[in-house]
Structures are given as C-alpha cells and as structure tokens.
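These notes are about the structure you will find just below.
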Amino acid sequence: MKKDISIYALLLFIIPVITLFICQQIVAYYHNFYTIPFIDGKASISMIGRGEKTIDIFKSGFFLYIFISVLFYFKISIFFLSKRIENKFKIFGLIANSFLCIYIISIGKDGSMYEALRRLAIIFYIVSIYISHIYLIKILKLLKHKKKIKFNSIYIKTFFIIIFLMTLLIIIGLPWVDPFFEYPNKLKNIIEWNYFLLTIIFYLPLSFIFYKSKNK
56 MKKDISIYAL LLFIIPVITL FICQQIVAYY HNFYTIPFID GKASISMIGR
106 GEKTIDIFKS GFFLYIFISV LFYFKISIFF LSKRIENKFK IFGLIANSFL
156 CIYIISIGKD GSMYEALRRL AIIFYIVSIY ISHIYLIKIL KLLKHKKKIK
206 FNSIYIKTFF IIIFLMTLLI IIGLPWVDPF FEYPNKLKNI IEWNYFLLTI
256 IFYLPLSFIF YKSKNK
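In my numbering, the protein residues as written are 56 to 271.
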C-alpha cells in the first residue's frame with residue numbers, strides 16, 4: 056500500500072507539470088508567446104490552458120490529475136486507519152477535487168456566470184488543499200511521534216517551508232478574493248503559478264517518505 060501511495064504522490068507532481076509544459080510550448084509555437092509565468096506573470100494558468108489548441112490537452116491532463124488525487128487521498132486514508140489513526144482524508148480529497156473539477160469544466164466557457172464560478176471554485180480549492188496539506192503534516196508528525204512509521208525529520212522541515220511559502224502567497228493574494236478590488240493582473244498570475252507549484256511540490260517529499268519509510 057505504501058508503494059501505491061508513493062506512486063500516486065509522484066504522479067500528482069508529474070502529471071500537471073507535463074500538462075502545463077506541453078500547453079505552454081504549444082502556445083509559444085503557435086502564437087509566438089514566450090513567458091516564464093512564475094516570474095513575469097504574463098499569462099495565467101487558465102490562459103495557457105483555454106486556447107483552441109491546448110484546451111483538450113489541458114482538461115484531459117487535469118481530469119487525470121483529479122482522478123489520481125482522489126485515489127491518493129482514499130489510499131492514504133486507508134493507510135492511516137490501518138495505523139489506528141482516524142482521519143478525514145476521503146472527505147478532504149473529494150471536496151478539494153470537486154472544486155478543482157468545477158474550475159476545469161468552466162475553463163473555456165464565456166459569460167459572467169462561468170467567470171464567477173471559476174473564481175469561487177479556485178478560491179475554495181486553494182483553501183481546501185491548504186487545510187489538507189496542514190492536516191497531513193499533523194498526522195505524519197503524530198505517526199512519527201508514536202513510532203508507527205519511520206522517516207527522516209528533514210521531510211517535516213521541508214513540509215513546513217512549503218506551508219510557510221503557501222501562507223505567504225495567500226496573504227499577498229488575499230485582496231484578489233474581492234471581485235471589486237483592482238488587483239494587479241501580473242502579480243495575480245505570479246502568485247497563482249507559484250502557489251500551484253508549491254501544492255504539487257508538496258507531494259514529492261511525501262512520495263519519498265512512503266517509498267523509503269519503515270514501520271516500527
């Protein structure tokens with residue numbers, strides 16, 4: 056079971072990275088539009104994904120990501136239950152991915168209703184995945200403390216750094232929640248890309264933990 060969790064966690068990093076990279080290269084090739092969105096904020100994630108030549112790839116990649124994510128949270132929930140740790144990861148997994156699914160479905164659709172739907176869906180996804188990551192760290196620390204699983208403490212420190220950076224980005228981007236606030240578009244894009252990058256980087260040390268960990 057631990058190897059399955061490790062593979063799922065790794066895929067949760069690889070799938071969106073490959074999807075976004077392919078979409079970005081397509082946009083660059085066909086529209087002569089070159090950007091490093093993590094730094095220059097010239098394009099949002101949805102802008103890269105909603106083009107005529109990228110939307111099918113973008114949606115397919117992220118629907119696969121959602122599917123793997125649900126499997127991951129169900130598997131990790133079962134693993135924690137096997138260690139006699141009650142948890143709500145099945146619920147968290149379904150809630151977070153439901154919001155992401157709504158966001159992906161609404162991409163490429165015009166109208167103020169879909170724009171509002173995308174905004175609400177991404178806000179709730181950001182909040183739910185943030186809470187889920189913190190909750191996961193808490194349970195891993197508990198398992199390590201109870202000596203039910205063995206892994207290097209550097210992973211916990213890595214998680215804390217990721218959560219700290221995610222928190223910082225949330226604070227900086229908080230005014231964007233208000234639809235009447237004129238938030239700088241490039242700054243919003245930079246925050247969006249880097250926040251999403253952090254959410255998926257989180258799965259890398261997690262993958263290593265479950266690949267290398269030993270029960271005690």
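Quick reminder that beta carbons are idealized off the backbone N, C-alpha and C, glycines included.
Closest Cα partner of residue i within the set the options
i           : options               : result
residue 188 : 78, 117 and 128       : 128
residue 93  : 134, 145, 266 and 241 : 241
residue 72  : 191, 248 and 173      : 248
residue 198 : 77, 56, 136 and 102   : 136
residue 103 : 112, 229, 78 and 84   : 78
residue 113 : 123, 86, 100 and 237  : 100
residue 115 : 217, 70 and 196       : 70
residue 74  : 111, 58, 86 and 231   : 111
residue 239 : 221, 205 and 95       : 95
Coil, strand or helix - residue i by DSSP
i           : result
residue 241 : helix
residue 205 : strand
residue 102 : helix
residue 233 : coil
residue 88  : coil
residue 228 : helix
residue 162 : coil
residue 97  : coil
residue 56  : coil
residue 107 : coil
Range covered by the alpha helix (DSSP H) that runs through residue i
i           : result
residue 172 : 167-200
residue 142 : Residue 142 -> no alpha helix (DSSP H), and no H or E assigned at all.
residue 122 : 110-137
residue 263 : 258-267
Cα-Cα separation between residue i and residue j, rounded to whole angstroms
i           : j           : result
residue 60  : residue 155 : 21 Å
residue 250 : residue 225 : 8 Å
residue 149 : residue 258 : 17 Å
residue 271 : residue 165 : Residue placement at residue 271 is flagged as unreliable, the pLDDT there being 48, under the threshold of 50; the coordinate-derived value follows with that caveat. If I take the Cα positions, the gap works out to 54 Å.
residue 296 : residue 89  : Residue 296 lies beyond the residue range present for the chain, which begins at 56 and ends at 271; the question has no answer from this structure.
residue 91  : residue 81  : 14 Å
residue 56  : residue 228 : 38 Å
residue 131 : residue 234 : 36 Å
residue 145 : residue 152 : 11 Å
residue 210 : residue 120 : 23 Å
residue 252 : residue 161 : 21 Å
residue 87  : residue 139 : 55 Å
residue 195 : residue 217 : 15 Å
residue 97  : residue 246 : 12 Å
residue 263 : residue 66  : 12 Å
residue 170 : residue 207 : 44 Å
residue 105 : residue 180 : 19 Å
Contact check, residue i vs residue j, beta carbons under 8 Å
i           : j           : result
residue 117 : residue 177 : no
residue 76  : residue 255 : no
residue 214 : residue 192 : yes
residue 223 : residue 64  : no
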